[in-house]
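Take a look at the structure below.
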Amino acid sequence: MKTSTILLIILGFMHVLTLINILLFEGMFDDIVFFFNTAIFFFAFAFYTKRQGNAKKSADSLKD
32 MKTSTILLII LGFMHVLTLI NILLFEGMFD DIVFFFNTAI FFFAFAFYTK
82 RQGNAKKSAD SLKD
């Protein structure tokens, strides 16, 4: 799966979490949602960085 697709799915999931918290729970779980959104963001950032590093290594190995 493409990196951009995975990142868009993660972004959509973060928005759905926030939307559910606001509409269904009237913001009762703001702290928990903020924690999960932050954790998901760090996961997405690490995933992107790892994919970019792998892509760069592949490109460098093709040069040799």
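Under our numbering, the letters of the sequence shown match residues 32 to 95, in that order. Virtual Cβ for every residue (Gly too), placed ideally from N, Cα, C.
Straight-line measurement puts the Cα of Ala70 at about 14 Å from the Cα of Thr49. For Leu38, the uninterrupted alpha helix (DSSP H) run begins and ends at 34-54, by DSSP. Put simply, the stretch 80-90 does not touch the stretch 54-68. Fewer than three CB pairs are less than 8 Å apart. Assignment of Phe65 by DSSP, reduced to helix, strand and coil, places it in the helix class. By the CB criterion at 8 Å, Phe78 and Ile37 fall inside the cutoff. If you draw a straight line from the Cα of Val47 to the Cα of Thr34, it is about 20 Å long.
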